[in-house]
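A.B. asks: Numbering (our numbering), first residue to last: 1485 to 1641.
From the three backbone atoms N, C-alpha and C, an ideal C-beta is built for every residue, glycine too.
Got a structure for you, written out below as structure tokens; questions coming shortly.
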């Protein structure tokens, strides 16, 4: 049943040769996976601070900065949170990006790409609010004074 196409008409449809009524149109359903971190993008949380999912609302830096990359600080709103934790849903927080689906190119030619977009919730001083970090993070965080996050991470790439 999961392999059957959806028959609801989305914005992108495919038809035979222009014949047939709308109930026979087949939708081209693809999972939305945005590579670049920009406002309105949902991110996973890579720590145990209590938040599960964030939505980026602003990128800290220049006033007209469009995309955020690994080790950039963003302003985000909590979309999903664990019950009975200090962080609540719809709370505005700061976070640092630790994983992106967009490739990270290093000077030695190595390219690193992660499976998800993830961030760690931080306070005003840049210290993580959680006590554990989940998943691998990039080495570039160490050069930008996020050494506490690097020391808590199980794997640094």
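#1: Looking only at its own chain, which residues have a Cβ that is under 8 angstroms from the Cβ of residue 1571, when we skip the five neighbours before and after it?
#2: Pull the bridge partners of residue 1521 from the DSSP assignment, please.
#3: How would you call residue 1550, buried or exposed, if buried means at least 16 neighbouring beta carbons within 10 angstroms?
#4: Please state whether the Cβ-Cβ distance between residue 1530 and residue 1543 is less than 8 angstroms.
#5: Out of curiosity, what's the CA-to-CA distance linking residue 1587 and residue 1608?
#6: Decide if residue 1513 is buried, meaning its Cβ has at least 16 other Cβ atoms within 10 Å, or exposed.
#7: Applying the criterion that 16 or more other CB atoms from any shown protein chain within 10 Å of the CB defines a buried residue, is residue 1617 buried or exposed?
#8: Can you tell me whether residue 1616 is helix, strand or coil according to DSSP?
#9: Quick one: give me the first and last residue of the beta strand (DSSP E) that residue 1561 is part of.
#10: Which term fits residue 1574, buried or exposed, when burial requires 16 or more other beta carbons within 10 angstroms of its beta carbon?
#11: Rounding to the nearest angstrom, what Cα-Cα distance links residue 1516 and residue 1526 in this structure?
#12: So what does residue 1580 bridge to, in DSSP terms?
#13: Where does residue 1537 sit, in a helix, a strand or coil, going by DSSP?
C.D. replies: So, to answer that:
#1: 1533, 1534, 1535, 1562, 1565, 1577, 1605 and 1613
#2: 1552
#3: exposed
#4: Result no, Cβ atoms of residue 1530 and residue 1543 do not sit closer than 8 angstroms.
#5: Taking the CA atoms as reference points, residue 1587 sits about 28 angstroms from residue 1608.
#6: Below a pLDDT of 50, predicted positions are generally treated as unreliable, and residue 1513, at 49, falls in that range; no measurement from the model is reported.
#7: buried
#8: coil
#9: 1557 to 1565
#10: exposed
#11: Confidence is the limiting factor: at residue 1516 the pLDDT is only 49, short of 50, which leaves the residue's position unreliable, though a coordinate-based value still follows. The straight-line gap from Cα to Cα measures roughly 11 angstroms.
#12: 1557 and 1604
#13: Residue state, collapsed to three classes: strand.
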